[in-house]
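Down below is the structure, laid out as structure tokens.
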Amino acid sequence: MSKFTNNLQDIFLNEAKKNKIQVTLYLINGFQLKGNVTGFDTFTVVLNCDGKQMMVYKHAISTITPLNPILLVSEEI
Numbered sequence: 001m002s003k004f005t006n007n008l009q010d011i012f013l014n015e016a017k018k019n020k021i022q023v024t025l026y027l028i029n030g031f032q033l034k035g036n037v038t039g040f041d042t043f044t045v046v047l048n049c050d051g052k053q054m055m056v057y058k059h060a061i062s063t064i065t066p067l068n069p070i071l072l073v074s075e076e077i
């Protein structure tokens, strides 16, 4: 059995995506984007924002704030 460990960033984004929790992305240029995470990879986050799909590069994001708390505790012990 192989052991796979997600990093905190992946856990946070995956929970927001899976539970359809609205997030606010604060960009380093001061803009705010509100929407739902529909996908992500190593370098980008895809956000559904008012019916528009946006791909945002992670290096442009300073903070991500969820509308509701996101549980970060792993179910595996």
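Reminder that position 76 of the sequence shown reads as 76 in full-length UniProt numbering, one-by-one numbering, no gaps.
Even glycine gets a Cβ: it sits at the ideal position worked out from N, Cα and C.
All values derive from a computational prediction rather than experimental measurement.
How many angstroms separate the CA atom of residue i from the CA atom of residue j?
i, j, result
"L8", "I70", "11 Å"
"K18", "H59", "23 Å"
"G35", "I28", "17 Å"
"G51", "F43", "22 Å"
"G30", "D41", "23 Å"
"F12", "Y26", "16 Å"
"C49", "V73", "28 Å"
"K20", "D10", "15 Å"
"N14", "V37", "8 Å"
When the distance is taken between beta carbons, is residue j closer than 9 Å to residue i?
i, j, result
"N68", "Q22", "yes"
"A16", "I61", "no"
Does DSSP classify residue i as helix, strand or coil?
i, result
"L8", "helix"
"F14", "With the sequence shown as reference, residue 14 is identified as Asn, and Phe is not the correct amino acid for it. Helix."
"K20", "coil"
Below 8 Å on the Cβ atoms is my guess for residue i versus residue j; work out the distance and round it to an integer in Å.
i, j, result
"Q53", "V45", "Not really, about 11 Å apart at Cβ, beyond 8 Å."
Give a yes or no on whether 9 Å exceeds the smallest Cβ distance from residue i to chain C.
i, result
"K52", "Going by chain labels, chain C is absent from the structure shown, which holds only one protein chain."
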